[in-house]
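Residue numbers (the working numbering), protein chains in the order written: chain A, 1 to 258; chain B, 1001 to 1258; chain C, 2001 to 2258; chain D, 3001 to 3258.
The block underneath contains the structure these notes are about, expressed in structure tokens.
4 protein chains.
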Amino acid sequence: MSRLFNYGDDVLLCEVGKERTYLVALEAGGRLHSSRGIVEHEDLVGSPPGSEVVTNIGARFLALRPRIGERMFKVRRRTQIVYPKDAGWLVIALDLRPGIRVLEMGTGSGAFTLLLGQFVGPEGRVYTFDRREEFLENAMYNVARAGMADRVEGRVLSAGEPFPVSDVDAAFLDLPEPWEAIEAARAALAPGAPLALIVPTAEQLKRAVETLEAEGFSRTEIVELFERRVLVRQREGVRPSERMVGFTAYLVGARAPA
Amino acid sequence: MSRLFNYGDDVLLCEVGKERTYLVALEAGGRLHSSRGIVEHEDLVGSPPGSEVVTNIGARFLALRPRIGERMFKVRRRTQIVYPKDAGWLVIALDLRPGIRVLEMGTGSGAFTLLLGQFVGPEGRVYTFDRREEFLENAMYNVARAGMADRVEGRVLSAGEPFPVSDVDAAFLDLPEPWEAIEAARAALAPGAPLALIVPTAEQLKRAVETLEAEGFSRTEIVELFERRVLVRQREGVRPSERMVGFTAYLVGARAPA
Amino acid sequence: MSRLFNYGDDVLLCEVGKERTYLVALEAGGRLHSSRGIVEHEDLVGSPPGSEVVTNIGARFLALRPRIGERMFKVRRRTQIVYPKDAGWLVIALDLRPGIRVLEMGTGSGAFTLLLGQFVGPEGRVYTFDRREEFLENAMYNVARAGMADRVEGRVLSAGEPFPVSDVDAAFLDLPEPWEAIEAARAALAPGAPLALIVPTAEQLKRAVETLEAEGFSRTEIVELFERRVLVRQREGVRPSERMVGFTAYLVGARAPA
Amino acid sequence: MSRLFNYGDDVLLCEVGKERTYLVALEAGGRLHSSRGIVEHEDLVGSPPGSEVVTNIGARFLALRPRIGERMFKVRRRTQIVYPKDAGWLVIALDLRPGIRVLEMGTGSGAFTLLLGQFVGPEGRVYTFDRREEFLENAMYNVARAGMADRVEGRVLSAGEPFPVSDVDAAFLDLPEPWEAIEAARAALAPGAPLALIVPTAEQLKRAVETLEAEGFSRTEIVELFERRVLVRQREGVRPSERMVGFTAYLVGARAPA
């Protein structure tokens, strides 16, 4: 595969020195209308990632292939998405790897579905379920947009219903009442396979953990992660950022029984 | 592949209700001598992950396939290892995925090498470098132990020397003076590809970030992560753990120039 | 002293169920024009703190005597103020108590001056210094407003000049370059007395700490504090707040030499 | 009062460059037997705070007057004490100042009682209550040891019983089940006066906050504080400490009704 941008590629355009970014799929005759001017898609074709492009009004944009963390933030959203700091912990907790089959309940906007798809790869399989058809349609649009339609299957299903899959290598639950899906997840998981879930309140956490124990799960671990950005400035020096996300969710990992 | 344990498999034995775990490779006639009694390997063969086994003195152990996070903690160590909370962030920052080729400078004990190996998979490639031959030998032992010898190449190399690879998809630096390897990493990276590094002090952070900028890297982000465990107890209820790791390292991500 | 509100008292008016508060000094014929209607001062006179008052358009306000933490947020500001979470740590580090004499360099808006004044009490003394006359004038306005003019003396002074006081019981430095004032603070402090300072960057921290050591200070301790609000909601339950202040300053405490 | 040490004074002896400290009351003929040698009390008399003294085996100790935060750690303990980082927040929340009358329920070892005594001063009054006579006796020993017997009254009382005081300026509850004492605290508090309490679990927090609301308290705020030490080392530079206290308690502040 060529390293240079071509039509059909996704490009992340980042205004130099600013936070603003755009995700565009290069197409013949395409143009990005940004708040800082116009970029013609054809100006990007043939240039390498990491190049700069200049808009018609002189603003500079950096052109990059989107990383998965950036793609997650660019999905068309219907719901809150799993925050990248939490996503990394979950990837480790779920023991993701190429070729495995994983289950997700609570597709939402599909941002985490993309992450699962990236780590199981084209040989793997993501089975994702949501109670609401419109969420699922939107998520599958995002999946197709990321080129992962081949490895992701979505289906409408309510929490508590049995999953139409079995012997899966990992399961992730992102639901208002995750305990409702734990028994069904146990039935779908391979013996000893990892399950992870996220919940926002202490009461939900308690109920989820008690249900995990009642269903025979073991090695339960619960964490919360704080991420603080650090600033390095030429004149002002090194200092932590004043802004910080204080809380997103409690993260829970466990192992299925035999 | 069978879901049941067989000779040759790695098994993580976890004493029920305790923190203590053992990683054993099942072999004919093998036995684990734990502080809580003996487990015969043959008692595990044929049973599914998630099963319990009882030692000769009546202690109960849970038998699981090790997850990558557990494997990282079980490497034979010569150096400090990358902490799992940080590992997850780095996996996302490096945009790991099946089949890619990644570079690591500062192999250390090889714990992060295993992580890289897991996410690039059997079709991918990890090129890992360390200045000290004895570290590299130990790390390659750990790599072979995890069944990843096919996808990992290790070589002795000092920080600052050119890397004998090019057009790699991602690079990770874990060095006392990471700025020494940034120019060489730039030369080895594909245009726009992600680089990540970790450093422990504010001064090192400043110097590393300044070198990244001087070498044309962009989209630099710096974070520190705090992980706090949460306890859910039947009688006492939900409360955060009193113990907490306050700091491991500053985590830095950036993108190579074109 | 009567517990009921009277003319001359300061009252904190807090809209019920909202964040918005107003600090008013009750005076004959006075009225508060809030965004939620008008409160006549005379309606408050004779009622106890903790009472509710209703505006002409029906909005409910709670009337309280301002606590010191609330007063600090209500000063007329010319500069950033010391954040209350940090103020508490500093009060302990400076070992404040009734009747002592304390020195402050970097008066700023005078919010921390009020705190010092509260804890040393009417028998104590606060000597506060700032390089800029206009800051000092504003701060002394805030001091008078809080009824502490009797115990606070303000004077224009540049960092590095000797302080016109000696044998003080504690010293606090809030300066862009606090190391410039450390030698003078040592000369003004009683033997073994506590000094505290705050700095925003790692480089400044290093320089300040090195100067403290060079000047013979001991028992240096450096901390940063994170404060996270927690929400308790009837239906949603207990969960940490998503918003959090990630950083304000490094807090440093030390003890003067003999 | 003389600035120099004299018999009867409390001295904090701190081994130079070490964490270990000793609190001693100077007395004629007294000697401290430390793990690093003997210090004769008479060697300290007449020297200023901040001086160094050398033991008979050559170890160096710094002699200081104890700050309140240091005194709190030196009480004879029967129970866990309020941690200094939390103490500072509580001092602000309770709006302590010279001359006021405050109530404490749950004396425990009396460490926080000392803090209250310091900030209300000799003109103020601390009424402290505990269900267990032996705790109270121990705490009153610590109070007398700190020279505050004149301003602290202790009495045995169970949570839920009415307090034998009224119109107090502030109340602090440190109890396993603080909601049991909230109604009685309301009856004892002056209108609009501040109350603070600490609780360790989410369930307790919820119940305490709901009881505060039911009893008419307002302006409830709940926080948790994290304190991280920072290290400044000549060669290694500036970096946060790896050790950190992850959690002590939820801190709650509120205002009594009229």
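Each residue gets a CB set at the ideal place from its N, CA and C atoms; glycine is no exception.
Using a Cβ-Cβ cutoff of less than 6 Å, which residues in the same chain neighbour residue i once the five nearest sequence positions on both sides are dropped?
i: M1244 of chain B; result: R1228
i: L1012 of chain B; result: T1021, L1023, L1064, P1066, E1070
i: V54 of chain A; result: R60
i: Y1167 of chain B; result: Correcting the residue identity first, residue 1167 of chain B is Asp in this sequence and not Tyr. Closer than 6 Å at Cβ, skipping near neighbours: A1190.
i: A2159 of chain C; result: L2175, E2180, A2181
i: E2224 of chain C; result: Y2250
i: D1009 of chain B; result: L1026
i: R78 of chain A; result: S109, F135, N138
Could you check how far apart the C-beta atoms of residue i and residue j are, in whole angstroms? I think they sit under 8 Å.
i: F1129 of chain B; j: F1073 of chain B; result: The pair is not a contact, with the Cβ atoms about 23 Å apart (cut-off 8 Å).
i: A942 of chain B; j: A1196 of chain B; result: Any property of residue 942 of chain B remains undetermined from this structure, which presents chain B solely from 1001 to 1258.
i: V75 of chain A; j: G117 of chain A; result: The pair is not a contact, with the Cβ atoms about 12 Å apart (cut-off 8 Å).
i: S3109 of chain D; j: A3139 of chain D; result: 6 Å
i: E1133 of chain B; j: V1156 of chain B; result: 5 Å
i: V2288 of chain C; j: Y2007 of chain C; result: The requested residue 2288 of chain C does not occur in the structure, where chain C is confined to residues 2001 to 2258.
i: E1242 of chain B; j: G3246 of chain D; result: 6 Å
i: L1136 of chain B; j: G1147 of chain B; result: With 8 Å as the limit, L1136 of chain B and G1147 of chain B do not qualify as a contact, their Cβ atoms being about 18 Å apart.
i: G58 of chain A; j: H41 of chain A; result: The pair is not a contact, with the Cβ atoms about 19 Å apart (cut-off 8 Å).
In terms of alpha-carbon separation, which member of the options lies closest to residue i?
i: L1062 of chain B; options: B:L1157, B:C1014, B:T1211, B:V1120; result: B:C1014
i: F3005 of chain D; options: D:L3026, D:G3017, D:K3018; result: D:L3026
i: R3219 of chain D; options: C:F2172, C:E2161, C:V2232; result: C:V2232
i: A181 of chain A; options: A:P200, A:L212, A:A202, A:A193; result: A:L212
i: M1951 of chain C; options: C:A2171, C:E2224, C:V2209; result: Only positions 2001 to 2258 of chain C appear in this structure, which leaves residue 1951 of chain C out of reach.
i: Q234 of chain A; options: C:V2082, C:Y2127, C:R2097, C:E2203; result: C:E2203
i: R2097 of chain C; options: D:L3136, D:W3089, D:G3154, D:G3124; result: D:G3124
i: N56 of chain A; options: A:S34, A:R77, A:S47; result: A:S34
i: G2259 of chain C; options: C:R2036, C:R2031, C:W2089; result: What the structure shows of chain C is the stretch from 2001 to 2258, and residue 2259 of chain C is not part of that stretch, so it cannot be assessed.
i: Y2127 of chain C; options: C:A2214, C:R2145, C:D2169, C:D2043; result: C:D2169
i: L173 of chain A; options: A:V102, A:D10, A:R3; result: A:V102
i: R2131 of chain C; options: C:T2113, C:T2107, C:Y2141, C:R2145; result: C:T2107
i: I100 of chain A; options: A:A193, A:E236, A:E215; result: A:A193
i: P2236 of chain C; options: A:E210, A:E236, A:F226, A:L205; result: As written in the sequence, residue 2236 of chain C is Glu, which differs from the Pro given in the question. That would be A:L205, whose Cα lies nearest to the Cα of E2236 of chain C.
Skipping 5 residues on each side, what residues in its chain have a beta carbon closer than 7 Å to that of residue i?
i: A1249 of chain B; result: D1086, I1198, V1199, P1200
i: S51 of chain A; result: A63
i: E1161 of chain B; result: A1184
i: E3221 of chain D; result: G3253
i: P280 of chain A; result: Residue 280 of chain A lies beyond the residue range present for chain A, which begins at 1 and ends at 258; the question has no answer from this structure.
i: P178 of chain A; result: L197, V199, A208
i: P3240 of chain D; result: R3228, V3230
i: E3215 of chain D; result: I3182, E3183, R3186
i: P3048 of chain D; result: R3003, L3004
i: T2113 of chain C; result: E2104, T2107, V2126, T2128, A2139, V2143, V2152
i: Y3141 of chain D; result: R3076
Excluding five sequence neighbours on each side, which residues of the same chain lie with their C-beta closer than 8 Å to the C-beta of residue i?
i: P122 of chain A; result: D150, R151
i: F3217 of chain D; result: I3182, R3186, L3195, A3254, R3255, A3256, P3257
i: V3091 of chain D; result: L3115, F3119
i: V3238 of chain D; result: V3230, L3231, V3232
i: A2028 of chain C; result: Y2007, H2041, E2042
i: I3081 of chain D; result: M3072, F3073, V3075, G3108, S3109, A3111, F3112
Chain C contacts from the region 3189–3205 of chain D (Cβ-Cβ distance under 7 Å):
Against chain C - using a Cβ distance shorter than 7 Å - the residues of the region 3189–3205 of chain D are A3190, P3191, G3192, P3194, A3202, L3205.
Chain A contacts from the region 1050–1084 of chain B (Cβ-Cβ distance under 7 Å)
Within the region 1050–1084 of chain B, the residues whose Cβ lies closer than 7 Å to any Cβ of chain A are, in chain order, G1050, S1051, L1062, L1064, R1065, R1067, I1068, G1069, P1084.
Mind listing which residues of the region 3228–3257 of chain D have their C-beta closer than 8 Å to chain B's C-betas, in chain order?
Listed by position, the residues of the region 3228–3257 of chain D near chain B (Cβ gap below 8 Å) are R3228, R3229, E3236, G3237, V3238, R3239, P3240, S3241, E3242, R3243, M3244, V3245, G3246, F3247, T3248.
Name the residues in the region 3093–3113 of chain D whose C-beta lies less than 8 Å from a C-beta of chain C; which are they?
Here the close residues are A3093, D3095, L3096, R3097, P3098, G3099.
The region 3133–3167 of chain D: which residues have C-beta closer than 9 Å to a C-beta of chain C, in chain order?
Those would be D3167, in chain order.
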